[in-house]
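Residue numbers (our numbering): 249 to 508.
Glycine included, every Cβ here is placed at the ideal spot set by N, Cα and C.
Since the structure comes first, as structure tokens, the remarks are kept for the end.
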Ligand SMILES: [Mn+2]
């Protein structure tokens with residue numbers, strides 16, 4: 249007879265500065281897996297909140313959100329430019345808020361944690377905040393509980409120009425670097441209609457063809473991801489692979505539990 253050791257992993261994504269719940273996210277688990285989007289730039293529920301709400305104020309930010317939601321990106325940009333002229337150096341002001349948020353978020357994050365970047369992250373800030381027990385992975389594999397977990401971070405290019413969007417070629421390289429794994433962990437989903445459509449925003453978010461092709465080729469047990477906050481479907485199956493959106497942690501405050 250063989251001893252079976254069960255490892256419990258709590259998996260979260262799209263934290264978006266949900267600091268209180270984050271501090272509890274590792275409860276009863278052997279480790280936390282975080283699939284990115286730690287920052288809160290734009291709070292659609294509370295336009296005075298988040299980095300843009302803090303800098304622009306609720307009224308202007310409401311208008312900014314309205315224009316972007318209506319795909320009027322040039323008008324949104326023109327409106328923002330006007331405000332930046334008044335406020336001062338855009339980059340400095342945003343970076344100051346990013347630093348403030350990351351400090352609180354990384355402070356609250358339980359360990360041990362295996363983590364990758366979302367499209368609403370600023371990877372260049374992470375070395376300043378990374379603490380003991382945190383493993384940052386992108387295009388890399390780690391063994392947990394005897395299984396191989398592969399991580400691919402970031403988002404793909406969109407008209408929204410979110411903070412960390414990489415080209416399809418760069419993303420493909422990170423996927424190719426993995427080789428076969430048991431659990432594929434990414435911020436964005438594989439490119440499948442039901443899991444990339446957001447029913448509240450009423451649009452498709454970007455999914456990855458590279459991830460879908462990887463899944464078809466290697467058939468990992470799980471593909472875990474986040475990114476789509478209100479998906480049409482939160483799970484789907486590709487052959488032997490169970491594809492799971494682990495949920496919008498800012499809203500749910502609950503991790504997805506994976507026992508291996
Ligand atoms: Mn997100």
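From the options, residue whose alpha carbon lies closest to that of residue i
{"i": "residue 389", "options": "401, 381, 380", "result": "401"}
{"i": "residue 267", "options": "462, 467, 497", "result": "497"}
{"i": "residue 420", "options": "460, 443, 451", "result": "460"}
{"i": "residue 381", "options": "280, 365, 489, 499", "result": "280"}
{"i": "residue 414", "options": "429, 395, 436", "result": "436"}
{"i": "residue 283", "options": "271, 417, 472, 506", "result": "472"}
{"i": "residue 252", "options": "483, 491, 393", "result": "393"}
{"i": "residue 220", "options": "260, 468, 383", "result": "The shown model of the chain, from 249 to 508, leaves out residue 220, and the question about it has no answer."}
{"i": "residue 481", "options": "416, 255, 452, 278", "result": "452"}
{"i": "residue 464", "options": "285, 486, 329, 290", "result": "486"}
{"i": "residue 423", "options": "383, 307, 457", "result": "457"}
{"i": "residue 349", "options": "274, 332, 265", "result": "265"}
{"i": "residue 474", "options": "443, 450, 488, 255", "result": "443"}
{"i": "residue 269", "options": "501, 506, 505", "result": "501"}
Cβ-heavy atom distance, residue i to ligand 1, below 7 Å
{"i": "residue 285", "result": "yes"}
{"i": "residue 294", "result": "no"}
{"i": "residue 298", "result": "no"}
{"i": "residue 442", "result": "no"}
{"i": "residue 446", "result": "no"}
{"i": "residue 259", "result": "no"}
{"i": "residue 366", "result": "yes"}
{"i": "residue 369", "result": "no"}
{"i": "residue 291", "result": "no"}
{"i": "residue 416", "result": "no"}
{"i": "residue 262", "result": "yes"}
Whether residue i touches residue j by CB criterion (8 Å)
{"i": "residue 448", "j": "residue 257", "result": "no"}
{"i": "residue 369", "j": "residue 287", "result": "yes"}
{"i": "residue 445", "j": "residue 407", "result": "no"}
{"i": "residue 432", "j": "residue 398", "result": "yes"}
{"i": "residue 316", "j": "residue 326", "result": "no"}
{"i": "residue 438", "j": "residue 260", "result": "no"}
{"i": "residue 346", "j": "residue 373", "result": "yes"}
{"i": "residue 492", "j": "residue 470", "result": "yes"}
{"i": "residue 417", "j": "residue 377", "result": "no"}
{"i": "residue 363", "j": "residue 384", "result": "yes"}
Cutoff 8 Å: residue i Cβ touching any chain D Cβ
{"i": "residue 392", "result": "Among the protein chains of the structure shown there is no chain D, as only one such chain exists."}
Closer than 7 Å: residue i CB and nearest ligand 3 heavy atom
{"i": "residue 415", "result": "Absence of ligand 3 is noted for the structure shown, with ligand 1 being the only ligands found."}
For this session: Evaluate the contact criterion for the segment 356 to 364 versus the segment 336 to 345: three or more CB pairs, one atom per stretch, below 8 Å.
Result: no
Exercise. Counting only runs that start and end within the segment 274 to 300, where is the beta strand (DSSP E) found for 3 or more residues in a row?
Worked result: 279 to 282
For this session: Could I get the ranges of all uninterrupted beta strand (DSSP E) runs contained in the segment 398 to 440, with 3 residues as the minimum, in chain order?
Result: 431 to 434
For this session: With a floor of 4 residues, list each alpha helix (DSSP H) that falls wholly inside the segment 291 to 366, ordered by position along the chain.
Result: 298 to 304, 306 to 317, 321 to 335, 338 to 356
Exercise. Enumerated in chain order, which unbroken segments of the beta strand (DSSP E) with a length of 3 residues or greater are wholly contained in the segment 451 to 490?
Worked result: 470 to 473, 483 to 486
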